[in-house]
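> I have a structure I would like to understand better, so I am pasting it below and will then ask my questions one at a time.
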Amino acid sequence: MSDSFDVVVIGAGPAGYPAAIRAGQNKLSVACVDEWKNFDGTYAFGGTCLNAGCIPSKALLESSELFQRAKDEFAVHGIKLGDIKLDLAAMQKRRAAIVKTMTGGITALFKANGVVGIQGHGQLLPGNKVVVTAADGSQRTLQAKNVILASGSTPIRLKTVPHDGKFIVDSWNALEFDAVPARLGVIGAGVIGLELGSVWRRLGSEVTVLEALENFLPMVDQTIAKEAQRHFKKQGLDIKLGAKVLRAEVKGAAVDLVYADAQGEHQLQVDKLVVAVGRRPFTEGLLAEGTGVELDARGFIQVDDHCRTGTTGVWAVGDAVRGPMLAHKGKEEGVMVADLIAGHFGEVNYKVIPSVIYTAPEIAWVGQTEEQVKASGRAYKVGAFPFAASGRARAMEAGQGMAKIVAAKDDDEVLGIHVIGPMAGELIGEAVLAMEYSASTEDIQRTMHAHPTLSEAIHEAALAVDKKAIDSINR
Ligand code: FAD
Ligand code: AMP
8 MSDSFDVVVI
18 GAGPAGYPAA
28 IRAGQNKLSV
38 ACVDEWKNFD
48 GTYAFGGTCL
58 NAGCIPSKAL
68 LESSELFQRA
78 KDEFAVHGIK
88 LGDIKLDLAA
98 MQKRRAAIVK
108 TMTGGITALF
118 KANGVVGIQG
128 HGQLLPGNKV
138 VVTAADGSQR
148 TLQAKNVILA
158 SGSTPIRLKT
168 VPHDGKFIVD
178 SWNALEFDAV
188 PARLGVIGAG
198 VIGLELGSVW
208 RRLGSEVTVL
218 EALENFLPMV
228 DQTIAKEAQR
238 HFKKQGLDIK
248 LGAKVLRAEV
258 KGAAVDLVYA
268 DAQGEHQLQV
278 DKLVVAVGRR
288 PFTEGLLAEG
298 TGVELDARGF
308 IQVDDHCRTG
318 TTGVWAVGDA
328 VRGPMLAHKG
338 KEEGVMVADL
348 IAGHFGEVNY
358 KVIPSVIYTA
368 PEIAWVGQTE
378 EQVKASGRAY
388 KVGAFPFAAS
398 GRARAMEAGQ
408 GMAKIVAAKD
418 DDEVLGIHVI
428 GPMAGELIGE
438 AVLAMEYSAS
448 TEDIQRTMHA
458 HPTLSEAIHE
468 AALAVDKKAI
478 DSINR
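Here the sequence shown stands for residues 8 to 482, numbered as in our numbering.
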């Protein structure tokens, strides 16, 4: 096998593997190097997202929601079940099987697109060479015209809350618990903390989420965040805001932690403690001396708007570079870079990146929050539609939440769309497309939406912006 490639990608997560596939589609010779190893020691492509993030978390969110709905909701539909029991081993087996199928799928996609997948650690050397170290220590040097760095991110750890992988754990460990912890502590009420807290709450844990900030979900439109907070409280998630965890230690088979809030210091004992305080770029062992690739003060690989580093022929994408740490953002960057290398057009619209929190109700948004628009000084108008007025949502026993649109007062341009409610993550697709095409609310108003569907909430919210909603009272 030749060791010379048009493109070598380091990292096969959702930023790296699409870059490799698109390079192959562009008829470039391409290798993709990845070192991910699962807890059982096996290599797997797919990075954090497929192995320890997006996919396993969504598998457990789905299973746990069904469990909880079977207990609390089926009777409302007139479905009577006997004693509902949890088989966590089966639930975890399903989660693992989904992950295995999806990561195996990448191997098949590599083959179909002519990508040489190589498992081992990759390091960039000066002169666009990549040295790959296999598990047995053997080394191979690849020469590349272009190198795409897609080394991703890793959980941030707190020095005073020492990780042991058993009692004090990270998000990956928390997806693989083999028993439901009676008392679960979660540090950080961010996306990951809320999703994991929801899974184990639904399966029976008493969950306490400790969040240092006073404000709940500060990056989310605050009308939506307030609504979310109400629902999570009702679900029994004990979210303590303004509560900074100072230290924790494992004592016997439990964790003792100390947190401080406005009232002073408090102690809490839990059976497992998940540290979900964010992620940092992962670049350990990635860059040899003299590559010229620079990191910024927070450890992100420095790139321009087209993901070029300062070194000719070296690019970087995904969680390892600036911007939101989201799989789809990394994917678009990877594809853009592979197209630019091939001499094609490539661009990422960083203004239109959707975000989703897969709780129940789900939360999804794109564009600016009302608070951001207000702070920008631009005159704006707002329309909202409650799912309580949606026939489809009612039929689904999911009449909670709303769709909300913020639009410019002068030219009616849609500036942000925010949804909390059933399938919000799916509904946001229409919003993203609308904003990608710089839609006005009138464009959405004049677009026919099937009835009865959840998507009518977006239609009605657009109508409500001009006080023309049909199915709810205009305020
Ligand atoms: P990664 O997925 O981290 O992949 C990087 C890969 O590179 C890894 O396989 C790593 O082993 C490999 N690597 C690193 N250095 C080297 C090297 N030197 N040599 C060889 N290989 C190397 N995002 C969403 O958009 N939606 C979600 O629902 C979502 N849910 C999440 C849930 C959880 C619990 C977590 C932890 C994350 C979630 N994310 C979600 C975030 C998402 O996982 C990341 O944004 C995404 O994985 C980033 O992709 P990436 O390719 O940049 O990096
Ligand atoms: P995110 O970055 O969205 O994953 O969210 C992580 C959250 O963890 C942020 O909201 C932080 O404020 C919070 N956080 C970080 N350190 C602590 C700490 N020591 N105690 C409580 N919350 C913390």
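Where is the CB? At the ideal position from N, CA and C, for every residue including glycine.
Is there at least one Cβ from chain B nearer than 9 Å to G124's Cβ?
Absent from the structure is chain B; it holds one protein chain and no more.
> Assuming L149 and A27 make a contact with CB atoms under 8 Å, what is their CB distance in whole Å?
No, L149 and A27 are not in contact; Cβ-Cβ is about 13 Å, not under 8 Å.
> Which residues does DSSP pair with K279 in a beta bridge?
BP columns for K279 point to L191.
> Run through the segment 366-400 for me and flag every whole beta strand (DSSP E) of 3 or more residues, listed as ranges in chain order.
Runs found: 369-374 and 387-393.
> Who pairs with A415 in a beta bridge, going by DSSP?
A415 is bridged to Y387.
> Pairing CB atoms from the segment 418-433 with CB atoms from the segment 344-357, are three or more of them under 8 Å?
These segments do not touch.
> In three-state terms, what does DSSP make of C39?
Three-state DSSP puts C39 in a strand.
> Scan the segment 435-478 and note each continuous alpha helix (DSSP H) run of 4 residues or more that stays entirely inside, going in chain order.
You should have 448-452 and 463-472.
> Give the range of the alpha helix (DSSP H) segment to which E202 is assigned.
Taken as a continuous stretch (DSSP letters only), the alpha helix (DSSP H) holding E202 covers V198 to R209.
> CB-CB under 7 Å to E72, same chain, minus the five flanking residues each way: which ones, in chain order?
If we look at E72 and ignore the five residues flanking it on each side, its Cβ neighbours are R209 and A367.
> For the beta strand (DSSP E) containing N153, list its first residue and its last residue.
Residues Q146 to L156.
> For H84, does the count of other Cβ atoms within 10 angstroms reach 16, so buried, or fall short, so exposed?
Flag for H84 reads exposed.
> With DSSP as the reference, label D228 as helix, strand or coil.
Looking at D228 - three-state DSSP - the assignment turns out to be coil, as it is neither helix nor strand.
> Out of K411, P393 and R399, which has the shortest C-alpha to C-alpha gap to E377?
Checking every option, the nearest Cα to that of E377 belongs to K411.
> Hey, quick one: how far does the alpha helix (DSSP H) through D79 stretch, first residue to last?
D79 -> alpha helix (DSSP H) spans C61 to D79.
> Return yes when the C-beta of K251 is under 8 Å from any heavy atom of ligand 2, and no when it is not.
Because some heavy atom of ligand 2 lies under 8 Å away, the Cβ of K251 counts as near it: yes.
> Any heavy atom of ligand 1 inside 8 Å of the beta-carbon of P368?
For ligand 1, not one heavy atom lies less than 8 Å from the Cβ of P368.
> How close, in whole Å, do the beta carbons of I113 and A181 come, if the pair is a contact with beta carbons under 8 Å?
Actually they are not in contact, since the Cβ atoms of I113 and A181 sit about 24 Å apart, beyond 8 Å.
> Could you compute how far the alpha carbon of E221 sits from the alpha carbon of G299?
Rounded to the nearest angstrom, the two C-alpha atoms are 41 Å apart.
> Might you give, ordered along the chain, the residues of its own chain that have their beta carbon closer than 8 Å to the beta carbon of E272, omitting 5 neighbours on each side?
Counting only Cβ-Cβ distances below 8 Å, and skipping sequence neighbours, we find L253, V265 and Y266.
> Give every residue of the same chain whose Cβ lies closer than 7 Å to the Cβ of V206, excluding the five residues on either side of it in the sequence, and list them in chain order.
For V206, where only same-chain residues beyond five positions count, the Cβ hits under 7 Å are L67, L68 and S71.
> Is K87 closer than 9 Å to A51 when the C-beta atoms are compared?
No. Outside cutoff.
> Any chance the CB of A196 is under 8 Å from a heavy atom of ligand 2?
For ligand 2, at least one heavy atom lies less than 8 Å from the Cβ of A196.
> What's the C-alpha gap between E202 and D417?
Each residue's Cα considered, the two are about 38 Å apart.
> Can you tell me whether S9 is helix, strand or coil according to DSSP?
Three-state DSSP puts S9 in coil, outside helix and strand.
> Where does L293 sit, in a helix, a strand or coil, going by DSSP?
Reduced to three states, the DSSP call for L293 is coil.
> Which of the three DSSP states, helix, strand or coil, is assigned to Y357?
Correct three-state label for Y357: coil.
> Taking S397 as the reference, give the member of D311, D450 and H456 with the closest Cα.
Closest option to S397, Cα to Cα, is H456.
> Assess, as a yes-or-no matter, whether the segment 385-392 is touched by the segment 470-480 under the definition of 3 or more beta carbon pairs within less than 8 Å.
Yes, the segment 470-480 touches the segment 385-392.
> In chain order, which beta strand (DSSP E) runs of at least 3 residues are fully inside the segment 230-268?
Runs found: 245-248, 251-258 and 261-268.
> Taking all protein chains shown into account, decide if S178 is buried (16 or more other Cβ within 10 angstroms of its Cβ) or exposed.
By the 10 Å Cβ count, S178 comes out buried.
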